[in-house]
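Chemist: In the working numbering, the protein residues as written are 2 to 252. All residues carry an ideal CB built from backbone N, CA and C; glycine is no exception.
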Amino acid sequence: MVMQGTDMKVAATPEDLDEFSTEDGYARWQQREGVRVIVDFAFEDLGKIELGPWERKGGTGAIINIPNDHLTNDSHVVEIRPGGKSEPEHHLYEEFCYIISGRGATNIWTDEAHKQTFEWHAGSLFAIPLNAWYQHFNGSGEEPARYISVTTAPPMMRLFNDLDFIFDTDSYLKGRFDAESDYFSGAGKLYKKRVWQSNFIPNAPDMALYGWQERGAGGINVMLEMAENSSKAHISEFPVGTYKKAHRHGP
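1) Inspect the beta-carbon positions of Gly219 and Lys246 and report whether they are closer than 8 Å.
2) According to DSSP, is His115 part of a helix, a strand, or is it coil?
3) If you draw a straight line from the C-alpha of Val11 to the C-alpha of Pro156, how long is it?
4) Spatial neighbours of Gly60 within its chain, please: CB distance less than 6 Å, with the 5 preceding and 5 following residues excluded, ordered by chain position.
5) What residue ranges within the segment 113 to 195 form continuous alpha helix (DSSP H) runs of no fewer than 4 residues, ordered along the chain?
6) Can you check DSSP and say which residues form a bridge with His235?
7) Where does Pro206 land, buried or exposed, given buried means 16+ other C-beta within 10 angstroms?
8) Checking 8 Å against the spacing of the C-beta atoms, do Tyr94 and Thr153 come in under that value?
9) Identify the continuous beta strand (DSSP E) that holds Tyr99 and give its terminal residues.
10) State yes or no: is the C-beta of Ile236 within less than 8 Å of the C-beta of Met208?
11) Just to confirm the assignment, what range does the alpha helix (DSSP H) spanning Glu80 have?
12) Between Val223 and Leu210, how many whole angstroms is the CB-CB distance? I'm expecting something under 8 Å.
13) Just checking, does the segment 104 to 114 make contact with the segment 66 to 77 on the three C-beta pairs under 8 Å criterion?
14) Starting from Gly62, trace the beta strand (DSSP E) in both directions and tell me its first and last residue.
15) Excluding the 5 residues flanking Tyr289 on each side, which residues of the same chain have their C-beta closer than 6 Å to its C-beta?
16) I need the DSSP call for Ala106, collapsed to helix, strand or coil.
17) From Ala288 to Glu34, what distance separates their C-alpha atoms?
18) With respect to the beta strand (DSSP E) encompassing Trp213, which residues constitute its N-terminal and C-terminal limits?
19) Do three or more CB pairs link the segment 110 to 124 to the segment 29 to 46 at distances below 8 Å?
20) If distances are taken between C-alpha atoms only, which option among Glu90, Glu56 and Tyr99 comes closest to Ser76?
21) Helix, strand or coil: how does DSSP classify Glu90 here?
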């Protein structure tokens, strides 16, 4: 809109200008990791996805991106070799971990003198507290352990565009994790509207689900609040041959 009475002066645009471009922090991290990237919408069996070397994670792995450049999150499928372990790491993006197969343990800490350890197996679900140190261990010397994680790495890396800040910031968020002795005990609290708050679910496929008539088809559900994360998770189940009401997720 041009206001009446104003005298606009249009500058001449030079013809020899370069195209402006900026580096994508998330793409730079993927290249730095040198890990296999899979772009697809759905997978029949996460246990059979072909993985590539990802030594820092303790064996092999792949990053999953859906065909959408916005990428509000991503997934990492990782397989820790028998008797193997990941390298210790911490980062300023949220992460949920679900164990696909195998068994093992994870150390979590912000202070080396106060490490917490909890054990997991196929079906376990937990969240890594934001920027807390962690390390995964395969508890079997014969079988690999495979897990999938969902993370907020893409938007966080793109927002700050500084990988040193994402991976090397030493500040800890005590409001999210303050080395509470029962943090990963598996205990939790049920709230209205099927909300279960817990930081560790030993066996997610068998956890209690609650009726949600408004969703349709006699489905049952639980909404999960874990590690004070801003990102959310839920579990739903529907009778055979039915489906939930059509809906969409907003931006």
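Modeler: Taking the structure as given:
1) no
2) helix
3) 37 Å
4) Glu80, Ile81, Arg82 and Gly85
5) 154 to 161 and 164 to 169
6) Met224
7) exposed
8) yes
9) Glu96 to Ser102
10) yes
11) Segment Asp75 to Ile81 is the beta strand (DSSP E) holding Glu80; no alpha helix (DSSP H) there.
12) 5 Å
13) no
14) Gly60 to Asn66
15) This structure gives no information on residue 289, because the portion of the chain shown stretches from 2 to 252.
16) strand
17) Nothing can be reported for residue 288, as the shown portion of the chain is limited to 2 through 252.
18) Here Trp213 belongs to no beta strand (DSSP E), and DSSP marks it neither H nor E.
19) no
20) Tyr99
21) strand
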